[in-house]
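Residue numbers (mature numbering (1 follows the signal peptide of the UniProt record, and there is no 0)): -19 to -1, 1 to 436.
Heads up, the beta-carbon is just placed ideally off N, CA and C, and yes, glycines get one too.
Taking it in order: structure first as structure tokens, then the write-up.
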């Protein structure tokens, strides 16, 4: 799709004025040099409360997934059989688990193309000059986002500039519409499959009268819609359907639990929610001293952090998780990281302080280590690694086709033609060895064990 010149210039003014107006020029990001640069979007922070964009550090779905992309790029750059002579760099941004914030961040990915259109100065509405310095290298493709509503917003922007995108976690069925998301791909299946699995679980146990709770947004709403369709086909009745919004507090989660209690015969509650919403619902049930039989989507999945502090009301829950094989090399890589050897990640010190409850300003945090204690690998690490390898193999195949016998980038890939890259190479990529995804779903069952909860 061709982008009208007026639209390019308008978006350039928007991007540069946002950078000046919101102080984004000094924001945290990861930028590593490369002949080709791949963008990354990760929920490094949870969404903020009230007027705050960003909340606390998201250890598993943020820090671990981000490090999985860096790990994969390190492995690819060391592998002489993939893009020999060509180095892959990264430009990684934080979405703060929020679609509008992610869209604003993603304007960085198109700045290089926009600035080439018109290098003249522009004056923003507040009288300040637009920011033009330090124009980033053009982005070849983007890995991300995590949440479906984030990926949808970002896909609508990236398609205008023919920048391909591979998500490692967005499962909304909406993203399967190639007429709207024609530069989007993913390494995870759409929600239809886990919705069907959840309905089959209910049928197996003869649970025919249930309540549902969905997170507001594309993931929760389209997921629960798919589940309800599958439930009707199996003669399963819905007692009440509740929704949790994006700016809810403890009182409103308590209200959702009270609404569920209004249907005393529906002891089974189906959740299609984000992890933070599942955690708050469990906490609300704990406050009410009431328990339900939870059947939850991969938003809860196998995350033990969701049930921490609410083990009693989480006991017996059945949650869906996409089947994937652990990557032991990544586990070793991550456990060896610390703030002193991982300066390329500007969020790692904040993660360290939050995890170990220490402060670099008041006490020595160096005595702590990820090597001690239990390591809980995030469930979609495999799909992040697969997304990066899919992008790299696609670029390798394009390089072989357009730059035969060359050990560096040729003019035919300066810059990469995004439309041709996506349609001729990304959609036709296949590779062995690095792909570790599973073929189905894993059903963790939560039960109380010893000093906590297990699955």
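Buried or exposed (CB count within 10 angstroms, at least 16 for buried), residue i
i	result
residue 360	buried
residue 260	buried
residue 78	buried
residue 41	buried
residue 306	exposed
residue 196	buried
residue 46	buried
residue 28	buried
residue 310	exposed
residue 143	buried
residue 295	buried
residue 86	buried
residue 26	buried
residue 409	exposed
residue 354	exposed
residue 343	exposed
Proximity of residue i and residue j at Cβ, strictly below 8 Å
i	j	result
residue 147	residue 373	no
residue 160	residue 171	no
residue 265	residue 235	yes
residue 199	residue 301	no
residue 90	residue 123	yes
residue 356	residue 393	no
residue 249	residue 191	yes
residue 168	residue 126	no
residue 288	residue 258	no
residue 297	residue 271	no
residue 351	residue 316	yes
Nearest-angstrom beta carbon gap, residue j and residue i [assumed within contact, 8 Å]
i	j	result
residue 63	residue 377	5 Å
residue 330	residue 320	5 Å
residue 80	residue 130	4 Å
residue 278	residue 253	5 Å
For residue i: DSSP bridge partner residues
i	result
residue 219	191
residue 274	249
residue 72	12 and 20
residue 146	123 and 165
Nonlocal neighbours in the same chain, by C-beta distance under 6 Å from residue i, ignoring five residues either side
i	result
residue 217	183 and 189
residue 397	121
Beta-carbon proximity list for residue i, same chain, < 8 Å, skipping 5 on both sides
i	result
residue 71	11, 12, 13, 15, 18, 19, 20, 21, 50, 51 and 54
residue 291	260, 263, 264, 266 and 267
7 Å Cβ shell around residue i - same chain, five flanking residues per side excluded
i	result
residue 177	211
residue 154	171, 172, 173, 203 and 207
residue 406	375, 378 and 379
residue 150	127, 169, 361 and 364
Beta carbon proximity, residue i to chain D, threshold 8 Å
i	result
residue 15	Of the chains in the structure shown, none is chain D; there is only one protein chain.
Cβ-heavy atom distance, residue i to the ligand ATP, below 7 Å
i	result
residue 190	Absence of the ligand ATP is noted for the structure shown, with no ligands found whatsoever.
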